[in-house]
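Novice: Per this note's numbering: the sequence shown ends with 356, consecutive numbering throughout. Built from N, CA and C at the ideal position, the CB exists for glycine as well. Just dropping this structure here.
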Amino acid sequence: MAPEHSFLTALRLKLMITLLRFLIGLRVYLPMERRDKELTATTCPGVKPQTLKIPSREPGRFIDAVIYFPPNYSINKPTPVLLNWHGSGFVVNMLGSDAYFCSRVAQEAGYVVLDCGYRKAPETPWPGPVEDAEDALAYLTSSSALQTFNFDIKNAAVSGFSAGGCLALLAASSAVRPKELRIKAAVGVYPVTDLSIRPEAKRVEKPVKPLPVFMMNLFNSCYAFDEAVRKDPRCSPAFAELESYPERVLMLSCSGDVLMPEARALADRLDDGKGGRKVVNLVLEGMPHGFDKGCKEGSAKWRAREEGYGAAVEMLKEARGR
């Protein structure tokens with residue numbers, strides 16, 4: 035049986051995460067939040083998001099999601115589909131924080147985008163969030179989804195940011211995904227790829243607003259307290275079989291982010307010259323973790339976001355044959 039926290043430790047973690055969630059919830063009042071909403075509305079006017087409930091493996095429990103339709107969407111023809119998972123530290127509900135990215139992909143690459151939620155630690159530690167990602171994959175091939183949305187399940191892709199990038203890479207390499215579902219591309223944006231590396235050992239030469247060590251330890255304690263599971267290929271994408279990854283992978287990391295070395299290392303291993311896989315290992319110089327949210331127009335972060343999102347759109351276009 036996996037070790038469990040003592041009552042007092044569990045209570046302390048719960049209180050700390052509750053405070054963190056409250057503080058992050060205040061972001062809705064910040065200018066950066068409004069900037070992204072206004073930008074999405076003006077640059078992607080033809081994309082109309084709708085809320086969606088995805089059935090989970092547990093009867094009566096559903097996974098919250100937001101679905102973005104491309105401007106030319108029609109139920110009469112199969113449409114490529116992208117599943118996206120948001121950043122969270124595995125503990126904070128940030129569903130909707132990737133709205134601009136999801137809208138850009140729908141508008142410019144022609145995908146139906148499902149921005150998927152997942153349960154959070156410490157209430158639901160590993161493997162709960164991974165199971166929710168697996169259930170979202172399974173939903174794509176369900177008769178209900180195919181009849182309602184007519185997804186092109188031979189042209190599927192996954193993406194994610196930070197902790198969500200971890201889930202996206204796990205989904206891309208998952209051995210339990212439906213056999214009829216073909217994932218042709220994976221996009222990881224400053225993803226967590228190796229939880230077995232202790233936060234104290236995660237360093238870069240020139241850090242820019244690095245994730246605090248105590249914060250990463252807090253996330254790990256909530257999500258994967260048992261250190262043994264951190265090397266499980268359903269927990270850390272770095273330990274998945276390389277052959278299980280799709281034919282196109284974009285690893286987007288930031289030179290100032292302490293998660294960059296592990297993301298870059300996985301991309302280097304995937305770019306082994308075997309099997310014809312295309313790997314784009316893009317490191318954005320001078321950028322911190324989470325740089326792409328609420329960028330000021332014309333700033334260095336704005337330009338870096340355009341480069342990164344542009345690379346994602348181009349890879350997704352290639353994957354669907356456009």
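Does DSSP put Ile-97 in a helix, in a strand, or in coil?
Specialist: Ile-97 falls in the strand class under three-state DSSP.
Novice: For Lys-218, which of Ala-206, Pro-241, Arg-298 has the nearest alpha-carbon?
Specialist: Of the listed residues, the one whose Cα sits closest to Lys-218 is Ala-206.
Novice: Among the candidates Pro-241, Leu-229, Phe-248, Leu-300, whose CA atom is the shortest distance from the CA of Ala-262?
Specialist: For the residues Pro-241, Leu-229, Phe-248, Leu-300, the minimum Cα distance to Ala-262 belongs to Leu-229.
Novice: Once the 5 residues before and after Asp-305 are set aside, which same chain residues still bring their CB inside 6 Å of it?
Specialist: Excluding residues within five positions, the ones whose Cβ falls inside 6 Å are Val-313.
Novice: According to DSSP, is Asn-315 helix, strand or coil?
Specialist: Strand, per DSSP.
Novice: Please report the straight-line C-alpha distance between Val-347 and Tyr-145, rounded to a whole angstrom.
Specialist: Roughly 10 Å between the two C-alpha positions.
Novice: Please list, in chain order, all residues of the same chain as Asn-106 whose beta carbon is under 8 Å from its beta carbon, the five residues on each side excluded.
Specialist: Excluding positions up to five away in sequence, the list reads Gly-144.
Novice: Taking the DSSP output, what are the residues bridged to Lys-82?
Specialist: Phe-103, per the DSSP bridge assignment.
Novice: Do Gly-130 and Val-81 come within 8 Å of each other at the CB atom, strictly closer than that value?
Specialist: In this structure, Gly-130 does not lie closer than 8 Å to Val-81 by Cβ.
Novice: Compare the beta carbon distance of Thr-227 and Cys-200 with 8 Å and say whether it is the shorter of the two.
Specialist: Cβ distance < 8 Å, so Thr-227 and Cys-200 count as in contact.
Novice: Between His-323 and the rest of its own chain, which residues show a CB-CB distance below 8 Å, the 5 nearest in sequence each way excluded?
Specialist: Cβ neighbours of His-323 beyond the five flanking positions: Ser-196, Tyr-224, Lys-243, Pro-244, Leu-245, Cys-288, Gly-290, Asp-291, Val-292, Leu-293.
Novice: Alpha carbons only, please: which of Ala-334, Val-164, Arg-211, Ala-167 is nearest the one belonging to Ile-187?
Specialist: Measuring from the Cα of Ile-187, the nearest candidate turns out to be Arg-211.
Novice: Going by the CB atoms, is the gap between Asn-184 and Lys-87 shorter than 8 Å?
Specialist: Result no, Cβ atoms of Lys-87 and Asn-184 do not sit closer than 8 Å.
Novice: Run the CB neighbour count on Asp-132, radius 10 Å, all protein chains shown included, and call it buried at 16 or more, exposed below.
Specialist: When all chains shown are included, Asp-132 counts as buried.
Novice: Quick one: what's got a C-beta closer than 8 Å to Met-35's C-beta in the same chain, skipping five residues either side?
Specialist: Any reading at Met-35 needs caution, since the residue's pLDDT is 48, under 50, leaving its predicted position unreliable; the model's value is listed next. Here the set comprises nothing.
Novice: Please check the pair Glu-352 and Arg-268, which I expect to be a contact at CB under 8 Å, by giving their CB distance rounded to whole angstroms.
Specialist: So it is not a contact: roughly 28 Å between Cβ atoms.
Novice: Which value, in whole angstroms, describes the spacing of the CA atoms of Ser-137 and Thr-74?
Specialist: Answer to the nearest angstrom: the Cα atoms are 7 Å apart.
Novice: Quick one: measure Cβ to Cβ for Ala-191 and Leu-42, integer angstroms, because I've assumed they're closer than 8 Å.
Specialist: Not a contact, Cβ separation roughly 44 Å.
Novice: First and last residue of the alpha helix (DSSP H) that includes Gly-59?
Specialist: Unbroken alpha helix (DSSP H) run through Gly-59: 41-59.
Novice: Would you kindly report the start and end of the unbroken beta strand (DSSP E) that includes Arg-282?
Specialist: Per DSSP, Arg-282 belongs to the beta strand (DSSP E) from 282-288.
Novice: Pick out the complete beta strand (DSSP E) segments inside the region 199-280, 3 residues or longer, and give them in chain order.
Specialist: Taking only runs of at least 3 residues, the beta strand (DSSP E) segments lying wholly in the region 199-280 are 217-223.
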